[in-house]
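Heads up: the sequence shown begins at 215 in our numbering, then just goes up one per residue.
Shown next, in C-alpha coordinates, is the structure this report addresses.
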Amino acid sequence: MAAAIIPNKDIREDFRRYMKGIVAHIDAVALVATKAAYTQAGEWHQELITYLRKNRTLLQEGINSIDGLSLTGPEASYLAWIDCRDSNLVSPRDFILEKAKVGVYDSDWFGSKDYIRLNFACPRARLEETIDRIQKAFSQRN
(Lines of atoms letter the chains of each structure in order from A; the text may use other names.)
(Lines give C-alpha, C1' and ligand atoms only; values in the text may rest on other atoms or scores of the structure.)
Protein backbone atom coordinates (compact mmCIF):
# COMPACT_ATOMS: atom_id res chain seq x y z
CA MET A 215 0.00 0.00 0.00
CA ALA A 216 1.25 3.48 -0.81
CA ALA A 217 0.41 6.85 0.62
CA ALA A 218 0.49 10.31 -0.90
CA ILE A 219 0.79 13.20 1.52
CA ILE A 220 -0.05 16.39 -0.34
CA PRO A 221 -0.42 19.49 1.86
CA ASN A 222 -1.43 21.80 -1.01
CA LYS A 223 -5.21 21.53 -1.37
CA ASP A 224 -5.31 22.28 -5.12
CA ILE A 225 -2.61 19.75 -5.93
CA ARG A 226 -4.26 17.20 -3.61
CA GLU A 227 -7.61 17.61 -5.42
CA ASP A 228 -5.91 17.29 -8.82
CA PHE A 229 -4.22 14.13 -7.57
CA ARG A 230 -7.53 12.68 -6.34
CA ARG A 231 -9.22 13.40 -9.67
CA TYR A 232 -6.35 11.86 -11.57
CA MET A 233 -6.26 8.72 -9.42
CA LYS A 234 -10.03 8.14 -9.48
CA GLY A 235 -10.66 4.89 -11.27
CA ILE A 236 -6.98 3.98 -11.29
CA VAL A 237 -6.49 3.13 -7.65
CA ALA A 238 -8.83 0.57 -6.16
CA HIS A 239 -10.43 1.16 -2.79
CA ILE A 240 -8.58 -0.24 0.17
CA ASP A 241 -10.04 -3.36 1.74
CA ALA A 242 -10.03 -4.32 5.42
CA VAL A 243 -7.11 -6.75 5.06
CA ALA A 244 -4.95 -4.02 3.52
CA LEU A 245 -5.78 -1.66 6.37
CA VAL A 246 -4.83 -4.26 9.00
CA ALA A 247 -1.62 -5.11 7.14
CA THR A 248 -0.70 -1.44 6.83
CA LYS A 249 -1.30 -0.82 10.53
CA ALA A 250 0.88 -3.83 11.41
CA ALA A 251 3.61 -2.62 9.06
CA TYR A 252 3.67 0.82 10.66
CA THR A 253 3.46 -0.38 14.27
CA GLN A 254 5.05 -3.85 14.48
CA ALA A 255 7.65 -4.15 11.72
CA GLY A 256 10.58 -2.36 13.33
CA GLU A 257 12.98 -5.31 13.39
CA TRP A 258 12.02 -6.48 9.89
CA HIS A 259 12.36 -2.92 8.60
CA GLN A 260 15.89 -2.59 9.99
CA GLU A 261 16.85 -5.92 8.43
CA LEU A 262 15.43 -4.75 5.10
CA ILE A 263 17.37 -1.47 5.24
CA THR A 264 20.58 -3.38 5.97
CA TYR A 265 19.91 -5.76 3.07
CA LEU A 266 19.19 -2.92 0.66
CA ARG A 267 22.33 -1.05 1.73
CA LYS A 268 24.40 -4.15 0.97
CA ASN A 269 22.70 -4.43 -2.42
CA ARG A 270 23.39 -0.74 -3.06
CA THR A 271 27.09 -1.19 -2.24
CA LEU A 272 27.34 -4.28 -4.43
CA LEU A 273 25.71 -2.45 -7.34
CA GLN A 274 27.89 0.64 -6.87
CA GLU A 275 31.06 -1.42 -6.93
CA GLY A 276 29.90 -3.41 -9.95
CA ILE A 277 28.77 -0.41 -12.00
CA ASN A 278 31.79 1.71 -11.10
CA SER A 279 34.07 -1.07 -12.40
CA ILE A 280 32.64 -0.59 -15.92
CA ASP A 281 34.31 1.98 -18.18
CA GLY A 282 31.80 4.63 -19.17
CA LEU A 283 29.39 4.08 -16.28
CA SER A 284 29.29 5.58 -12.82
CA LEU A 285 26.99 5.42 -9.87
CA THR A 286 26.90 7.56 -6.80
CA GLY A 287 24.90 6.15 -3.95
CA PRO A 288 21.19 6.77 -3.89
CA GLU A 289 20.14 8.31 -0.61
CA ALA A 290 16.40 7.88 -0.35
CA SER A 291 15.24 5.01 -2.51
CA TYR A 292 16.14 1.66 -4.00
CA LEU A 293 16.45 3.06 -7.52
CA ALA A 294 20.02 3.54 -8.69
CA TRP A 295 20.60 6.49 -11.03
CA ILE A 296 23.44 5.31 -13.29
CA ASP A 297 25.40 7.94 -15.22
CA CYS A 298 26.09 6.73 -18.77
CA ARG A 299 27.36 10.02 -20.23
CA ASP A 300 30.88 8.64 -20.74
CA SER A 301 29.64 5.44 -22.42
CA ASN A 302 29.18 7.10 -25.83
CA LEU A 303 25.97 5.13 -26.33
CA VAL A 304 23.04 6.67 -28.17
CA SER A 305 20.63 4.73 -25.95
CA PRO A 306 22.17 3.10 -22.88
CA ARG A 307 18.78 1.55 -22.03
CA ASP A 308 18.51 -0.14 -25.42
CA PHE A 309 22.10 -1.37 -25.30
CA ILE A 310 21.65 -2.92 -21.86
CA LEU A 311 18.32 -4.46 -22.81
CA GLU A 312 19.63 -5.93 -26.08
CA LYS A 313 23.12 -7.00 -25.03
CA ALA A 314 22.75 -7.77 -21.32
CA LYS A 315 19.07 -8.75 -21.38
CA VAL A 316 18.48 -6.51 -18.38
CA GLY A 317 15.49 -4.20 -18.16
CA VAL A 318 16.30 -0.71 -16.91
CA TYR A 319 14.43 2.58 -17.04
CA ASP A 320 15.75 5.37 -19.19
CA SER A 321 15.78 9.00 -18.17
CA ASP A 322 13.83 10.48 -21.08
CA TRP A 323 11.18 12.00 -18.87
CA PHE A 324 13.92 13.78 -16.95
CA GLY A 325 15.18 15.42 -20.13
CA SER A 326 18.20 13.23 -20.86
CA LYS A 327 19.01 9.84 -22.35
CA ASP A 328 22.36 9.72 -20.57
CA TYR A 329 21.15 8.02 -17.40
CA ILE A 330 19.39 4.80 -16.53
CA ARG A 331 17.60 3.75 -13.37
CA LEU A 332 17.92 0.27 -11.97
CA ASN A 333 15.91 -1.17 -9.10
CA PHE A 334 18.19 -2.90 -6.59
CA ALA A 335 15.43 -3.98 -4.17
CA CYS A 336 15.64 -7.60 -5.26
CA PRO A 337 17.20 -10.88 -4.14
CA ARG A 338 20.99 -10.58 -4.03
CA ALA A 339 21.48 -13.48 -6.47
CA ARG A 340 19.36 -11.66 -9.06
CA LEU A 341 21.34 -8.45 -8.54
CA GLU A 342 24.65 -10.33 -8.88
CA GLU A 343 23.44 -11.83 -12.16
CA THR A 344 22.30 -8.41 -13.36
CA ILE A 345 25.68 -6.84 -12.61
CA ASP A 346 27.48 -9.74 -14.27
CA ARG A 347 25.36 -9.42 -17.43
CA ILE A 348 25.95 -5.68 -17.67
CA GLN A 349 29.69 -6.09 -17.09
CA LYS A 350 29.90 -8.77 -19.81
CA ALA A 351 27.90 -6.66 -22.27
CA PHE A 352 30.25 -3.71 -21.82
CA SER A 353 33.40 -5.85 -21.93
CA GLN A 354 32.30 -7.35 -25.28
CA ARG A 355 31.37 -3.98 -26.75
CA ASN A 356 33.22 -2.91 -29.90
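All C-beta atoms in this analysis are idealised placements derived from N, C-alpha and C, irrespective of residue type, glycine included.
These figures come from a predicted structure and were not determined experimentally.
Problem - Beta-carbon proximity list for L303, same chain, < 7 Å, skipping 5 on both sides - result: On the sequence shown, position 89 is the one that residue 303 refers to. Excluding residues within five positions, the ones whose Cβ falls inside 7 Å are F309.
Practice task
Compute the beta-carbon to beta-carbon distance between F229 and I219, rounded to the nearest angstrom, for a pair I have assumed lies under 8 Å.
Solution key: Translated into the one-based positions of the sequence shown, residue 229 becomes position 15. Translated into the one-based positions of the sequence shown, residue 219 becomes position 5. That pair is no contact at about 10 Å.
Exercise for the section: Evaluate N222 with the Cβ neighbour count: other Cβ atoms within 10 Å of its Cβ, from every protein chain shown; 16 or more gives buried, anything less gives exposed. Expected result: Position 8 of the sequence shown, counted from the first residue, corresponds to residue 222. Its Cβ having fewer than 16 others within 10 Å, N222 is exposed.
Exercise for the section: Would you mind stating whether D345 and G276 have Cβ atoms separated by less than 8 Å? Expected result: As a first step, residue 345 must be located in the sequence shown, where it is residue number 131. As a first step, residue 276 must be located in the sequence shown, where it is residue number 62. Note that residue 345 corresponds to Ile in the displayed sequence, not to Asp. Yes; because the gap between Cβ atoms is below 8 Å, this pair is in contact.
Problem - Nearest neighbour of G317, chosen from G325, R338, G287 and I348 [CA to CA] - result: Taking the first residue of the sequence shown as 1, we reach residue 317 at position 103. It is I348 whose Cα lies nearest to the Cα of G317.
Practice task
Consult DSSP for I220 and reduce its assignment to one of helix, strand or coil.
Solution key: Position 6 of the sequence shown, counted from the start, is the residue given in the question as residue 220. I220 falls in the coil class under three-state DSSP.
Exercise for the section: Provide the residue(s) that pair with N333 in DSSP beta bridges, ordered along the chain. Expected result: Taking the sequence shown and counting its residues from 1, one reaches residue 333 at position 119. For N333, which the question treats as bridged, DSSP gives the partners L293.
Problem - beta-carbon W258 near the ligand COA non-hydrogen atom, thresh 7 Å - result: In the structure on display, the ligand COA does not appear, and there are no ligands present to speak of.
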